[in-house]
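Student: Please read through the structure below; I'll follow up with questions.
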DNA sequence: TTCCCGATGTGATTCAAATCACAAGACCAT
DNA sequence: ATGGTCTTGTGATTTGAATCACATCGGGAA
């Protein structure tokens with residue numbers, strides 16, 4: 016089956032190829048069966064808004080395919096990108112569990128396939144099975160852990176260069192390239208968006224990247240960055 | 016019973032006066048009974064370190080009395096205070112559940128009474144009772160929610176004045192004073208520590224507070240601040 | 001192709017806040 | 001009371017990065 020946005024649909028969680036290595040898809044058969052029954056699968060085009068911060072939680076969104084940009088914004092219009100979520104990740108989980116409003120805005124940045132589960136259904140699902148509930152608690156803990164690191168980054172790294180270096184290293188390790196001699200990072204965001212991720216201005220990002228290229232630490236191949244001197248990047252990320 | 020550090024000991028969670036209004040103490044009788052059996056109650060003096068970031072999780076710490084400073088620090092020695100936890104709060108929960116290392120360092124800032132539960136005991140406790148497990152998931156969600164707000168604060172508010180204003184308002188609302196005409200906030204931290212909470216320098220905090228006093232927005236009575244113009248503070252916190 | 005608009009690159013200028021460098025209080029212990 | 005140590009107050013200086021202001025590039029639509 017092919018969706019209107021030109022990608023293959025994953026029919027069932029039971030046979031999804033991400034099952035093995037994704038946090039939330041990794042449930043016992045029986046639970047997964049129940050999950051199948053309460054989920055709604057939808058395909059979204061690029062730029063679709065799944066939910067908006069401060070909305071009351073409608074339920075959870077499980078990304079099967081594609082990536083989603085999570086952002087927060089201030090009354091004055093400034094926005095900050097919190098993270099780019101990939102296939103296998105669950106969005107809106109904490110809001111759905113606690114009943115508090117969504118804390119971020121979620122917008123697809125490419126065509127996505129997403130499973131949605133209504134809040135009531137999901138809560139019933141949790142309360143029916145300790146294993147599922149524990150899994151969710153575990154997952155929430157990991158998310159908490161990650162956000163704490165985020166804070167550490169934002170609060171402790173005072174220079175923009177440091178934050179950019181950290182971001183690039185994170186991206187290269189996520190794509191499993193960091194153990195190569197010259198890891199490559201595909202840039203999926205504009206300089207403006209990168210700036211919003213590290214809390215700086217667009218011009219600063221442009222200048223920093225130019226500097227890194229000048230010093231032969233980076234090199235660009237179209238929209239792909241080649242990290243030519245990982246050690247130097249690490250240096251920048253840790254010190255200062 | 017009186018502890019070595021001069022405070023009354025809360026003998027049992029079943030009779031603790033915080034039970035009604037605290038998140039985690041609010042468990043059904045049966046669960047609380049089990050909790051009683053696996054917990055170790057300890058009294059700590061001011062300045063005791065409960066756990067250090069990056070340590071493997073030994074278990075959870077439930078504050079019965081006193082306050083605990085949670086901080087993260089960078090390799091270069093800079094540290095940032097994440098929050099001041101009060102009676103009723105649980106520390107080390109996410110690390111204990113997920114098995115990842117503690118994400119912060121916890122240090123008492125006054126004499127404390129704390130219940131400790133070993134990781135294995137706690138996990139068993141969780142897995143034995145869906146209600147407890149769900150409660151924990153709920154709690155983790157709230158914590159996640161709060162950290163997200165933290166990020167929003169750090170990342171979107173660029174001026175130090177704004178962050179300080181936000182912090183003062185938060186403190187006044189926590190102490191339930193914010194609905195009064197002139198809320199009072201007891202300063203429990205030094206300027207240095209306040210600076211670490213909002214990611215700025217000690218001198219900046221001193222100067223900002225002096226400014227606020229000059230403009231009659233604040234007023235100090237010893238170590239207590241009186242917020243004389245809450246509207247102005249709110250103004251500072253939201254805009255800019 | 002040509003036009004157009006969004007993304008980049010780069011200088012010049014401005015500004016908030018870090019840093020440095022002391023002075024003056026505040027508080028504790030002897 | 002006296003000395004010592006930690007906290008607070010304040011000036012002077014420096015600086016990283018925001019902001020402003022354009023020039024240029026590049027890719028999609030007509």
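Protein chains in written order, with this note's numbering: chain B, 16 to 255; chain D, 16 to 255. Beta carbons are placed, not taken as given, at the ideal position from N, Cα and C, and that holds for glycine.
(1) Taking Cβ positions only, does residue 109 of chain D come closer than 9 Å to chain B?
(2) Using alpha carbons as the reference points, say which of B:91, B:95, B:94 and B:85 lies closest to residue 104 of chain B.
(3) Mind checking whether residue 203 of chain B and residue 124 of chain B have CB atoms under 9 Å apart?
(4) Please tell me whether residue 185 of chain B has its Cβ less than 9 Å away from any Cβ of chain D.
(5) Classify residue 92 of chain D as buried or exposed, calling it buried when 16 or more other Cβ atoms lie within 10 Å of its own Cβ.
(6) What residues in the region 163-184 of chain B bring their beta carbon closer than 9 Å to a beta carbon of chain D?
(7) Indicate whether at least one CB of chain D lies closer than 9 Å to the CB of residue 95 of chain B.
(8) Opposite residue 55 of chain B in the DSSP bridges: which residues?
(9) State buried or exposed for residue 153 of chain D, treating a residue as buried only when at least 16 other CB atoms are found within 10 Å of its CB.
(10) For the candidate residues D:162, D:80, D:234 and D:112, whose alpha-carbon lies nearest to that of residue 28 of chain D?
(11) Specify, as a first and last residue, the run of the beta strand (DSSP E) that residue 170 of chain D falls within.
(12) By the three-class DSSP mapping on this structure, what secondary structure does residue 94 of chain B have?
(13) Could you confirm whether any beta carbon from chain D is found closer than 9 Å to the beta carbon of residue 214 of chain B?
(14) Could you tell me if residue 198 of chain B is buried or exposed, where buried requires 16 or more neighbouring beta carbons within 10 angstroms of its beta carbon?
(15) Give the secondary structure of residue 71 of chain D by DSSP, where H, G and I count as helix, E and B as strand, and everything else as coil.
(16) Report the three-state DSSP secondary structure of residue 78 of chain D (helix, strand or coil).
(17) When you compare the region 219-230 of chain D with the region 148-164 of chain D, are there three or more beta-carbon pairs, one atom per stretch, that lie closer than 8 Å?
(18) Less than 9 Å between CB atoms is the rule here; does residue 144 of chain D satisfy it with respect to chain B?
(19) List the residues of chain B that residue 149 of chain D touches, going by C-beta distances under 7 Å, in chain order.
(20) Any chance the region 93-101 of chain D sits against the region 137-145 of chain B, with 3 or more Cβ pairs inside 8 Å?
(21) Please tell me whether residue 188 of chain B has its Cβ less than 9 Å away from any Cβ of chain D.
(22) Sort out for me which residues DSSP pairs residue 64 of chain B with in a bridge.
(23) Can you tell which of B:247, B:237 and B:214 has its C-alpha closest to the C-alpha of residue 173 of chain B?
(24) Could you check where the alpha helix (DSSP H) with residue 219 of chain D kicks off and where it finishes?
(25) Would you kindly work out how many angstroms separate the C-alpha atoms of residue 252 of chain D and residue 60 of chain D, rounded to a whole number?
(26) Considering Cα atoms alone, identify which of B:234, B:102, B:238 and B:50 is closest to residue 137 of chain B.
(27) Using the rule of at least 16 other Cβ atoms within 10 Å of the residue's Cβ for burial, across every protein chain shown, is residue 181 of chain B buried or exposed?
(28) If you run the structure through DSSP and keep just helix, strand and coil, what is residue 29 of chain D?
(29) Can you tell which of D:150, D:219, D:73 and D:221 has its C-alpha closest to the C-alpha of residue 43 of chain D?
(30) Comparing C-alpha positions only, which one of D:117, D:70 and D:130 sits nearest to residue 102 of chain D?
(31) On the CB-based measure, 16 or more other CB atoms within 10 Å of its CB, does residue 45 of chain B come out buried or exposed?
(32) How big is the Cα-Cα spacing for residue 67 of chain D and residue 57 of chain B?
(33) Under the rule that 16 or more other beta-carbon atoms within 10 Å means buried, what is residue 211 of chain D, buried or exposed?
(34) With respect to the alpha helix (DSSP H) encompassing residue 111 of chain B, which residues constitute its N-terminal and C-terminal limits?
(35) Please report the distance separating the alpha-carbon of residue 54 of chain B from that of residue 108 of chain D.
Tutor: In short, the structure shows the following:
(1) In the second chain, residue 109 of chain D corresponds to position 94, counting from 1. The Cβ of residue 109 of chain D sits closer than 9 Å to at least one Cβ of chain B.
(2) The residue you call residue 104 of chain B lines up with position 89 of the first chain. It is B:85 whose Cα lies nearest to the Cα of residue 104 of chain B.
(3) Against the first chain, residue 203 of chain B aligns to sequence position 188. Against the first chain, residue 124 of chain B aligns to sequence position 109. Between residue 203 of chain B and residue 124 of chain B, the CB-CB gap stays under 9 Å.
(4) For the purposes of this step, residue 185 of chain B is identified with residue 170 of the first chain, where counting begins at 1. Proximity of residue 185 of chain B to chain D, defined by a Cβ-Cβ separation below 9 Å, is not satisfied.
(5) Taking the first residue of the second chain as position 1, residue 92 of chain D is located at position 77. Residue environment: residue 92 of chain D is assigned as exposed (fewer than 16 neighbouring CB atoms within 10 Å of its CB, all protein chains considered).
(6) Cβ contacts with chain D come from 163, 164, 165, 166, 167, 169, 170, 171, 172 and 173.
(7) For the purposes of this step, residue 95 of chain B is taken as residue 80 along the first chain, with counting starting at 1. Yes, its Cβ sits closer than 9 Å to a Cβ of chain D.
(8) Position 40 of the first chain, counted from the start, is the residue given in the question as residue 55 of chain B. Bridge partners of residue 55 of chain B: B:131.
(9) Stepping through the second chain from its first residue, residue 153 of chain D is reached at position 138. The Cβ neighbour count for residue 153 of chain D, taken over all protein chains shown within 10 Å, is at least 16; the residue is labelled buried.
(10) In the second chain, the residue the question calls residue 28 of chain D occupies position 13. Of D:162, D:80, D:234 and D:112, the residue nearest in Cα terms is D:80.
(11) Walking along the second chain from the start, residue 170 of chain D turns up at place 155. For residue 170 of chain D, no beta strand (DSSP E) segment is defined; the enclosing uninterrupted segment is the alpha helix (DSSP H) at 145-171.
(12) Working through the first chain from its first residue, we reach residue 94 of chain B at position 79. DSSP, read as helix, strand or coil, puts residue 94 of chain B in strand.
(13) Residue 214 of chain B sits at position 199 when you count from the first residue of the first chain. Contacts with chain D at 9 Å (Cβ-Cβ) include residue 214 of chain B.
(14) Counting from one through the first chain, the residue named residue 198 of chain B turns up at place 183. Burial call: buried.
(15) For the purposes of this step, residue 71 of chain D is taken as the residue at position 56 of the second chain. Residue 71 of chain D carries a coil assignment under DSSP once its states are collapsed to helix, strand and coil.
(16) In the second chain, counting from the first residue as 1, residue 78 of chain D sits at position 63. Three-state result, residue 78 of chain D: strand.
(17) Remark: fewer than three beta-carbon pairs, one from each stretch, lie closer than 8 Å, so the region 219-230 of chain D and the region 148-164 of chain D are not flagged as touching.
(18) Your numbering for residue 144 of chain D matches position 129 in the second chain. Proximity of residue 144 of chain D to chain B, defined by a Cβ-Cβ separation below 9 Å, is satisfied.
(19) The residue given as residue 149 of chain D occupies position 134 in the second chain. What residue 149 of chain D touches in chain B, judged by beta-carbon distance under 7 Å, is 141, 142 and 148, going in chain order.
(20) No, the region 93-101 of chain D does not touch the region 137-145 of chain B.
(21) Here residue 188 of chain B refers to the residue found at position 173 when the first chain is read from its first residue. So no, residue 188 of chain B is outside the interface.
(22) By 1-based counting over the first chain, the position of residue 64 of chain B is 49. B:122, per the DSSP bridge assignment.
(23) To locate residue 173 of chain B, count along the first chain from 1; it is residue 158. Across the set B:247, B:237 and B:214, the C-alpha of B:214 shows the shortest separation from the C-alpha of residue 173 of chain B.
(24) Mapped onto the second chain, residue 219 of chain D falls at position 204. For residue 219 of chain D, the uninterrupted alpha helix (DSSP H) segment begins and ends at 217-229.
(25) Translated into positions along the second chain, residue 252 of chain D becomes position 237. Translated into positions along the second chain, residue 60 of chain D becomes position 45. The alpha-carbon separation between residue 252 of chain D and residue 60 of chain D amounts to approximately 35 Å.
(26) Start at 1 with the first residue of the first chain, and residue 137 of chain B comes out as number 122. Of the candidates B:234, B:102, B:238 and B:50, the one whose C-alpha sits nearest the C-alpha of residue 137 of chain B is B:50.
(27) For the purposes of this step, residue 181 of chain B is identified with residue 166 of the first chain, where counting begins at 1. Buried, by the Cβ-count rule.
(28) Position 14 of the second chain, counting from 1, holds the residue named residue 29 of chain D. For residue 29 of chain D, the three-state secondary structure derived from DSSP is coil.
(29) As a first step, residue 43 of chain D must be located in the second chain, where it is residue number 28. The candidate whose alpha carbon is nearest that of residue 43 of chain D is D:150.
(30) Here residue 102 of chain D refers to the residue found at position 87 of the second chain. Nearest neighbour of residue 102 of chain D by Cα position, chosen from D:117, D:70 and D:130, turns out to be D:130.
(31) Along the first chain, read from residue 1 onward, the residue named residue 45 of chain B stands at position 30. Classification of residue 45 of chain B: exposed, given that the 10 Å Cβ count is below 16.
(32) Position 52 of the second chain, counted from the first residue, corresponds to residue 67 of chain D. Position 42 of the first chain, counted from the first residue, corresponds to residue 57 of chain B. Distance between the alpha carbons of residue 67 of chain D and residue 57 of chain B is about 44 Å.
(33) As a first step, residue 211 of chain D is located in the second chain; it is residue number 196 there, counting from the start. Burial call: buried.
(34) As a working note, residue 111 of chain B is residue 96 in the first chain. Run containing residue 111 of chain B: 108-113, per the alpha helix (DSSP H) assignment.
(35) Working through the first chain from its first residue, we reach residue 54 of chain B at position 39. Working through the second chain from its first residue, we reach residue 108 of chain D at position 93. Roughly 30 Å between the two C-alpha positions.
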